Each structure stands twice: as structure tokens, then as C-alpha cells.
Amino acid sequence: MKSIRDTIDTFVATFPNEDVQFVNLGAGLDTVGLWAIDKHERLFTFELDFLKQLFIINKLRNVSIDKDGLIQSDRFRMVPADLTNIGQVEKLKNYGFSCSRPSIFLSECSLVYVDPKYGNKVQCNDRFGEALLERFKMYGLQLLATNMYPTAQAQIKRFKDLGWERVIVINMNDVYNYLLTTQEKHRIRVHLQHVINAQKLECLDEIEELVLICSHYVLGVAAANGANVLEPIFQLFERKDIPVENYTTSQMREMIAKGQLHVMQPPLLKMDPTATIVNEPE
Numbered sequence: 017m018k019s020i021r022d023t024i025d026t027f028v029a030t031f032p033n034e035d036v037q038f039v040n041l042g043a044g045l046d047t048v049g050l051w052a053i054d055k056h057e058r059l060f061t062f063e064l065d066f067l068k069q070l071f072i073i074n075k076l077r078n079v080s081i082d083k084d085g086l087i088q089s090d091r092f093r094m095v096p097a098d099l100t101n102i103g104q105v106e107k108l109k110n111y112g113f114s115c116s117r118p119s120i121f122l123s124e125c126s127l128v129y130v131d132p133k134y135g136n137k138v139q140c141n142d143r144f145g146e147a148l149l150e151r152f153k154m155y156g157l158q159l160l161a162t163n164m165y166p167t168a169q170a171q172i173k174r175f176k177d178l179g180w181e182r183v184i185v186i187n188m189n190d191v192y193n194y195l196l197t198t199q200e201k202h203r204i205r206v207h208l209q210h211v212i213n214a215q216k217l218e219c220l221d222e223i224e225e226l227v228l229i230c231s232h233y234v235l236g237v238a239a240a241n242g243a244n245v246l247e248p249i250f251q252l253f254e255r256k257d258i259p260v261e262n263y264t265t266s267q268m269r270e271m272i273a274k275g276q277l278h279v280m281q282p283p284l285l286k287m288d289p290t291a292t293i294v295n296e297p298e
């Protein structure tokens with residue numbers, strides 16, 4: 017979430033004298049839209065999700081609603097839409113969305129569920145990925161795009177084939193290693209350790225398992241219609257110290273078995289592989 021908020025901050029800063037729009041596709045219980053309008057006075061938020069889901073969000077937030085049962089204000093709009101139905105998504109215009117304003121769209125773990133022509137964030141072509149997919153199925157969830165876009169490279173090609181001028185995708189190990197401050201890393205480790213202890217998540221009790229999980233989730237940014245204007249955002253992710261190597265889960269499993277994960281160059285996570293989550297040396 018820190019990297020997503022940094023991206024939004026950088027986007028807004030790129031257009032200092034303009035109103036900008038933030039569209040959250042499949043917002044769920046995410047509060048980033050509320051955070052964004054609280055921080056940026058010239059930002060307008062649009063949250064898209066199923067009508068039933070939006071009603072649930074209203075109840076949980078305990079806020080005032082308009083006559084249609086959805087939150088509507090000058091800078092925050094709830095838009096009922098099925099993301100598989102482009103006609104419903106285009107209703108954004110009926111809620112005040114303007115195609116002439118700079119706009120940033122977020123699809124955090126949402127488009128993967130709806131149609132093979134959209135992206136997915138799980139590498140499924142290995143045993144670890146297969147295990148993740150099986151776990152999703154246990155909860156009645158199907159990741160419909162896993163076969164068509166199983167890797168970060170496939171995601172990049174997808175967006176470029178659809179006409180996006182510039183695309184970058186990095187996995188969450190790289191986000192942790194290269195985009196977060198030392199203070200933010202410590203906050204994440206402490207919080208994660210609390211979650212592990214409270215829910216007895218033994219599968220996350222070792223650094224190696226966290227590395228594997230983070231390698232199966234990515235953060236991607238795509239830009240169109242004058243992508244050069246958004247150079248500050250791409251500079252945020254296209255740092256020269258971010259490695260270009262992509263290790264497969266099988267390769268990482270073999271290194272773990274041989275006790276060699278800590279000597280991998282560049283390291284997947286800058287942690288002592290024998291340490292617990294919160295005991296990383298600074």
C-alpha cells in the first residue's frame with residue numbers, strides 16, 4: 017500500500033495546478049480513496065464495485081448516504097458497476113468523471129477475477145503458484161486470467177499490445193528492497209509479526225516463505241496519452257539499482273534446499289535468511 021500511495025502522490029505532484037481523478041476499480045473495503053481526497057485537495061475519487069458491495073461498505077463506514085443509498089459528495093463518488101460490463105464502467109461519466117482531466121486508475125487484485133483479457137498477479141506455472149490457486153478455489157474464487165498472463169513479462173506485453181505507451185512491472189520483493197524507507201520496512205515487519213503471532217500463520221514464520229509469496233505479486237504502472245508527462249512516476253520504479261533478473265519459484269526452492277538463498281545476488285529480500293521477520297539487522 018505504501019508504494020501505491022507513493023505513486024498517487026507522485027501523480028498528483030505532476031499536475032500541481034490541475035484537478036486530477038483517482039478511479040479505484042473494484043474498491044472493496046480499501047480506504048485509499050478516502051486517504052487520497054483527505055491529502056490532496058484537488059483530487060476527486062471514484063470507487064467502482066458491485067452495488068451490493070458498495071452497500072456493505074456504507075454500513076461499515078457508518079457515513080451519511082444520498083437518496084440512492086450510495087456515498088456521493090463533491091469529491092467522492094461511489095459508482096455501482098460490474099467490471100466485466102464495459103457499459104456499466106462507462107457510467108463513470110454520469111457520476112462526474114471527465115475524460116479531459118488527468119486520471120489515475122487502480123486495480124488492486126480485482127481485474128484478475130473477471131476476464132482472461134485482463135491481468136493477474138499470480139505466477140501459476142510452478143508448484144507454489146499452483147498451491148496459491150488451490151487456496152483461492154477453497155474460498156470459491158477463480159483467477160480467470162492466470163493462463164493467459166502468468167508472469168510479469170506477460171503483463172507488460174498485454175498492456176503494450178493494448179496500446180499503452182509505457183509499462184513497468186516489478187514484484188513485491190523489489191518494492192520492499194528498493195522503494196521503501198528503513199522506517200517503513202521496520203513498520204511492516206513489526207505489523208507482520210503481530211499478524212503471524214495472532215493468527216498462527218506458520219507458513220510466514222520464515223523469511224524464505226515470505227520471499228516466495230512476494231515473488232508472486234507485482235506492482236505495475238502503465239501510461240498512455242503522453243506518457244512522457246508521467247516521467248516522475250516511472251523514475252520512481254525504474255531505478256538502476258533494481259535488478260532485472262527474475263528467478264522462478266523452482267530456482268528459489270532449490271536455493272532454499274541448499275541453504276543458498278542468502279548468497280543470491282542481487283538478494284530477493286535484504287534480510288538475514290535465518291532471522292525472523294522483525295529481527296532484520298538494520
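If you read the sequence shown in the working numbering, its first letter stands for residue 17, the second for the next number, and so on.
Here a beta-carbon is modelled for each residue, glycine too, at the ideal position from N, C-alpha and C.
All figures in this text were calculated on a predicted structure; none of them were measured in a lab.
Under 8 angstroms by Cβ, that's how I've got I186 and L235 pegged, so tell me the actual separation to the nearest angstrom.
6 angstroms
Could you have a look at D65 and say whether DSSP puts it in helix, strand or coil?
strand
Which full runs of the beta strand (DSSP E) of 3+ residues lie inside the region 22-60, going along the chain?
36-41
Between the Cα of L178 and those of I87, N193 and N241, spot the shortest distance and give me the residue it belongs to.
Per the Cα distances, N241.
By DSSP, does K83 sit in helix, in strand, or in coil?
Reliability of the predicted coordinates at K83 is poor, the pLDDT of 46 falling under 50, and no value is obtained from them.
Here's a check: name, in chain order, each residue in its chain whose Cβ is nearer than 7 angstroms to the Cβ of S123, leaving out the five neighbours to either side.
Closer than 7 angstroms at the Cβ level, and outside the excluded window around S123, lie L41 and G42.
When you compare the region 24-37 with the region 104-117, are there three or more beta-carbon pairs, one atom per stretch, that lie closer than 8 angstroms?
yes
Would you please state the rounded distance, in angstroms, between the beta carbons of I249 and T23? I believe it to be under 8 angstroms.
6 angstroms
Using three-state DSSP, classify R93 as helix, strand or coil.
strand
On the three-state DSSP scale, how would you describe L122?
strand
Using 10 angstroms around the beta-carbon of V183, count the other beta-carbons present and answer buried if the total reaches 16, otherwise exposed.
buried
Would the beta-carbon of Y192 fall within 8 angstroms of that of K201?
yes
Rounded to whole angstroms, how far is the Cβ of V95 from the Cβ of L64, which I believe are closer than 8 angstroms?
5 angstroms
Do A238 and W180 have their C-beta atoms closer together than 8 angstroms?
A distance below 8 angstroms separates the beta carbons of A238 and W180.
Can you tell me where the alpha helix (DSSP H) with K168 in it begins and where it stops?
The sequence shown places Ala at residue 168, rather than the Lys named in the question. Run containing A168: A168 to D177, per the alpha helix (DSSP H) assignment.
Which class does A240 belong to by DSSP, given the choice of helix, strand or coil?
coil
Just confirm the distance between the C-beta atoms of F66 and D98, as a whole number of angstroms; I'd bet it's less than 8 angstroms.
In this structure, F66 and D98 form a Cβ contact; the two beta carbons are roughly 6 angstroms apart against a cut-off of 8 angstroms.
Could you compute how far the alpha carbon of V48 sits from the alpha carbon of V105?
So the two alpha carbons sit approximately 20 angstroms from each other.
Rounded to the nearest angstrom, how far is the Cβ of F60 from that of R91, given a contact under 8 angstroms?
5 angstroms
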